[in-house]
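Okay, so the sequence shown: first residue is 6 according to the numbering used here, each after it adds one.
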Amino acid sequence: MEKIQLHSKLTFLRKYILSIWMLCAGIFMFISTIVEKNWIAVIIIGLVLNGIIYTVRKFLFPLRNVFLDKENKKIIVEYRKEIIEIPITQIEKIEEQSRLGKIINVKLNSKLNFGTEFIFVPKNENIYREIMELRR
6 MEKIQLHSKL
16 TFLRKYILSI
26 WMLCAGIFMF
36 ISTIVEKNWI
46 AVIIIGLVLN
56 GIIYTVRKFL
66 FPLRNVFLDK
76 ENKKIIVEYR
86 KEIIEIPITQ
96 IEKIEEQSRL
106 GKIINVKLNS
116 KLNFGTEFIF
126 VPKNENIYRE
136 IMELRR
């Protein structure tokens with residue numbers, strides 16, 4: 006079985022480093038406006054911080070490391086130190102999106118440990134096309 010890496014090598018940076026940096030910057034702005042007692046700015050920064058937390062939880066933490074097994078027609082997803090093999094036939098829909106850079110969203114027919122969908126950052130432009138060709 007030959008695994009082809011589909012995810013970008015920068016997934017770790019996006020998932021953890023960018024998330025931590027965004028949260029630290031938001032918390033720093035929030036605390037500094039509290040210290041200055043600028044209450045309108047506290048409300049605005051609080052809303053911005055809420056948006057940052059939503060973005061991190063929705064679009065950055067769910068990023069997965071994904072591999073392709075062309076021989077067995079399976080996608081292999083790393084999830085919490087587990088390796089989950091998903092047959093191509095279980096894929097319902099694949100979408101390429103541009104939220105915080107290119108992201109591929111894969112929706113499944115059935116629910117697995119991580120839910121019915123997963124997202125990953127593709128390593129190059131051809132990954133979407135490669136998965137679509139294998140589905141046919």
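Here a beta-carbon is modelled for each residue, glycine too, at the ideal position from N, C-alpha and C.
For clarity, every value in this text was computed on a predicted model and none was experimentally measured.
Residue i vs residue j beta-carbon contact at 8 Å
i             : j                 : result
threonine 16  : phenylalanine 125 : yes
tyrosine 133  : glutamate 101     : yes
glutamate 87  : asparagine 118    : yes
proline 127   : leucine 18        : no
leucine 52    : isoleucine 32     : no
isoleucine 50 : threonine 38      : yes
isoleucine 81 : arginine 140      : no
isoleucine 91 : leucine 113       : yes
lysine 8      : aspartate 74      : yes
For residue i, the first and last residue of its enclosing beta strand (DSSP E)
i             : result
leucine 117   : 108-117
glutamate 83  : 79-84
glutamate 122 : 120-125
Extent of the continuous alpha helix (DSSP H) run through residue i
i             : result
asparagine 55 : 44-60
valine 40     : 23-40
leucine 11    : Careful: leucine 11 lies outside any alpha helix (DSSP H) and carries neither H nor E.
glutamate 138 : 132-140
Bridge-paired residues (DSSP) for residue i
i             : result
glutamine 95  : Note: glutamine 95 sits in no beta bridge, so no partner.
proline 67    : Answer by DSSP bridge pairing: none, since proline 67 is not bridged.
glutamate 100 : Asn110
glutamate 87  : Tyr84
leucine 18    : In DSSP, leucine 18 forms no bridge with anything.
Nearest residue (CA-CA) to residue i, options the options
i              : options                      : result
isoleucine 99  : Ile50, Glu135, Lys14, Ile36  : Glu135
glutamine 103  : Glu130, Lys79, Ile50, Thr121 : Sequence inspection shows serine at residue 103; the glutamine mentioned does not correspond to that position. For the residues Glu130, Lys79, Ile50, Thr121, the minimum Cα distance to serine 103 belongs to Glu130.
glycine 56     : Val71, Phe72, Phe35          : Phe35
glutamine 95   : Lys78, Arg85, Asn43          : Lys78
isoleucine 108 : Ile58, Ala46, Arg69, Val40   : Arg69
Item to complete: Could you tell me whether the region 58-69 touches the region 26-34, using the rule of 3 or more Cβ pairs below 8 Å?
Response: Contact holds: three or more Cβ-Cβ distances are below 8 Å.
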